[in-house]
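Chemist:
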Amino acid sequence: MILSEAVDYYHSLEKFGIQPGLERIGILCERLGSPHKKLKFIHVAGTNGKGSTCTALASVLTSAGYHTGLYTSPYVIDFRERIQLDMKMISPDALIRVTETVRGQIEQLAAEGIKITEFEAVTAAAFLFYYQEQCDFVVLETGLGGRFDATNIIENSLCSILTSVSLDHVNILGNTLREIAFEKCGIIKNGCPVITGSSQSDEVLDVIRAQVSEKNCKLYIADSDSMFDVLTESICGMILRSKDTELKIPYPGKHQLDNMSLVLTAVNVLRKAQFDVSDSAVQKGISSFRIPARTEIIAEKPLVILDGSHNDGSTAALADAVKKYMPEKKISAVLGMMADKDCEQSLSNILPLFSNVITVKPSNPRSMPASELALIAERFCPDVVAVENPLDGIDKAISQIDNYDALVVCGSLYLAGDVRDYLINKCGEITAEK
61 MILSEAVDYY HSLEKFGIQP GLERIGILCE RLGSPHKKLK FIHVAGTNGK GSTCTALASV
121 LTSAGYHTGL YTSPYVIDFR ERIQLDMKMI SPDALIRVTE TVRGQIEQLA AEGIKITEFE
181 AVTAAAFLFY YQEQCDFVVL ETGLGGRFDA TNIIENSLCS ILTSVSLDHV NILGNTLREI
241 AFEKCGIIKN GCPVITGSSQ SDEVLDVIRA QVSEKNCKLY IADSDSMFDV LTESICGMIL
301 RSKDTELKIP YPGKHQLDNM SLVLTAVNVL RKAQFDVSDS AVQKGISSFR IPARTEIIAE
361 KPLVILDGSH NDGSTAALAD AVKKYMPEKK ISAVLGMMAD KDCEQSLSNI LPLFSNVITV
421 KPSNPRSMPA SELALIAERF CPDVVAVENP LDGIDKAISQ IDNYDALVVC GSLYLAGDVR
481 DYLINKCGEI TAEK
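Under my numbering, the first residue of the sequence shown is numbered 61, with each subsequent residue one higher.
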């Protein structure tokens, strides 16, 4: 087996099971020796902010000297982004090794009439890898929801973190915030500390408090407003003061303050459990974490931003950053979205801030055709043109970039994956010419 065959194997599996539940992943993990029962987890669920929260926390724990696993999804450029160890992607050889082991068990289960889904297979492979590497911690991000998410096969966690909850995947998780919050709260384990933010809506907090009470947990509500003083900020990031510690966050926005407040609260919970995490490790970890396509500055002159915002909450966060750090700027955008998202609400958040929009179709079967997306976009922006191929859309945007103050590429992590390398190269060519 070579690396591409390992990745293709996971993609060949069914996306979703016939019925939600943890029975399949439970059987698979048992066949693999139950590696998840031999690891320490910090479990993270929510609608927005999971990636930043998980990555920053894993970076802090790595900086503190702990052997730290980081499991996230989806990936942007490289499948191996999903399974990281000490802030580095799983090596090709290691991925091939665990995939061969997991595939053998999945094929045996298939012969017994049990079909394993893609996410279940990747999650099991990650558990096996982290056990083999004898990780001190695994920062574990849910894939979808929480209650029936494959990651929820774990029996306990050092703490559960619930990031911002908003409407998303309503066809699977429920039509109301309360229903979605209930699904996310499924990761809460009896007696384990629970962390969430004060910016959650009242109805979401009500659900969290009810579940915490039912499961006899201690609830920590992180308040970024009282935790941080913002010293400086720009589209490139923020410098904060928290008590006597100065922190540099490489990303802007109130939502990132909220995410970092969850990270610092989790650090304090771990300290109470007698884990050693110094202030210097917190500083180093938070200043050095990076995630592709999260308000990512691809170039500064001209200013080019890549952002994977794809739903109401994340597009609202991007809009807040644009309003705050780029007021009255003339901005062009390349936009692509999935057809199963609430496109109208998401576009209403951000498109009025753009002077020009080029719609494209990301290379994913769930993508909305560029022409259909353009019809929705025209309700919120006066200058919209459809260019089906994402790279052609980037070319068109770059060709007219001198007419604008900035270019923002957004709407989907799948779009970001399609164009990121190409966009970096194009911007490099512009810089070289100048």
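Idealized CB from N, CA, C, for every residue including glycine.
When you compare only the Cα positions, how much space is there between Thr305 and Ala381?
Modeler: About 25 Å.
Chemist: Could you tell me the alpha carbon to alpha carbon distance between Ala466 and Lys390, rounded to whole angstroms?
Modeler: Between Ala466 and Lys390, the C-alpha separation is close to 7 Å.
Chemist: Please say whether Leu324 and Val342 have beta carbons closer to each other than 8 Å?
Modeler: yes
Chemist: Closest to Tyr311 by C-alpha separation, out of Leu413, Gly488, Ile299, would be which residue?
Modeler: Ile299
Chemist: Since Ser284 is in the alpha helix (DSSP H), which residue starts that stretch and which ends it?
Modeler: 284-287
Chemist: What's the call for Pro253, buried or exposed, on a 16-neighbour Cβ count within 10 Å?
Modeler: The residue in question, Pro253, is buried, as its Cβ has 16 or more Cβ neighbours within 10 Å.
Chemist: Output yes or no for whether 8 Å exceeds the beta carbon distance between Cys31 and Glu201.
Modeler: Only positions 61 to 494 of the chain appear in the structure, and residue 31 is not among them; the question remains open.
Chemist: Do Ala9 and Leu378 have their CB atoms nearer than 8 Å?
Modeler: Any question about residue 9 goes unanswered here, given that the chain covers just 61 to 494.
Chemist: I need the boundaries of the beta strand (DSSP E) containing Glu201, first residue and last residue.
Modeler: In this chain, the beta strand (DSSP E) harbouring Glu201 covers 197-201.
Chemist: For Val329, which residues from the same chain have a beta carbon less than 8 Å from its beta carbon, with the 5 sequence-adjacent residues on both sides left out?
Modeler: Result list for Val329: Leu218, Cys219, Pro253, Ile255, Tyr280, in chain order.
Chemist: Going by the CB atoms, is the gap between Asp400 and Arg426 shorter than 8 Å?
Modeler: yes
Chemist: For Thr355, count neighbouring Cβ atoms within 10 angstroms of its own Cβ and tell me buried if that reaches 16, exposed if not.
Modeler: buried
Chemist: So the alpha helix (DSSP H) Leu130 belongs to, where does it begin and stop?
Modeler: No alpha helix (DSSP H) holds Leu130; the beta strand (DSSP E) holding it covers 128-131.
Chemist: Ordered along the chain, which non-local residues of its own chain (more than five positions away) have a Cβ less than 6 Å from that of Leu121?
Modeler: Thr128, Phe197
Chemist: So within the stretch 140-206, which uninterrupted beta strand (DSSP E) runs reach at least 3 residues, ignoring any that extend past its ends?
Modeler: Scanning the stretch 140-206 for uninterrupted beta strand (DSSP E) segments of 3 residues or longer gives 143-145, 197-201, listed from N- to C-terminal end.
Chemist: Let's see if you can read the secondary structure: which residues bound the beta strand (DSSP E) around Ala439?
Modeler: As written in the sequence, residue 439 is Arg, which differs from the Ala given in the question. Taken as a continuous stretch (DSSP letters only), Arg439 belongs to no beta strand (DSSP E), as it is neither H nor E.
Chemist: Using beta-carbon positions only, say whether Leu322 and Ala282 come within less than 8 Å of one another.
Modeler: A contact, by the Cβ cut-off of 8 Å.
Chemist: Grab the span of the alpha helix (DSSP H) containing His32 for me, first residue to last.
Modeler: Because residue 32 is not part of the residues shown, which for the chain are 61 to 494, the question remains open.
Chemist: Do the stretch 438-446 and the stretch 87-106 touch if we need at least three Cβ pairs shorter than 8 Å?
Modeler: no
Chemist: Using 10 angstroms around the beta-carbon of Gly396, count the other beta-carbons present and answer buried if the total reaches 16, otherwise exposed.
Modeler: By the 10 Å Cβ count, Gly396 comes out buried.
Chemist: Taking the runs of the alpha helix (DSSP H) that are 4 residues or longer, which of them lie wholly in the stretch 285-343?
Modeler: Counting whole runs of 4 or more residues, the stretch 285-343 contains the alpha helix (DSSP H) stretches 314-332.
Chemist: If you run the structure through DSSP and keep just helix, strand and coil, what is His71?
Modeler: In the structure shown, His71 falls within a helical segment according to DSSP collapsed to helix, strand and coil.
Chemist: Count the CB pairs spanning the stretch 186-196 and the stretch 126-140 that are closer than 8 Å, and state whether there are at least three.
Modeler: yes
Chemist: Could you tell me which residues DSSP puts in a beta bridge with Ser347?
Modeler: Ser347 pairs with nothing; no bridge assigned.
Chemist: For the alpha helix (DSSP H) holding Asn416, just list the boundary residues, first then last.
Modeler: Not the alpha helix (DSSP H): Asn416 falls in the beta strand (DSSP E), residues 416-419.
Chemist: With distances taken from CA atoms, which of Ile346, Ser133, Asp146, Glu160 is nearest Thr211?
Modeler: Ser133
Chemist: Where DSSP assigns a beta bridge to Cys219, which residues make up the other side?
Modeler: Ile102
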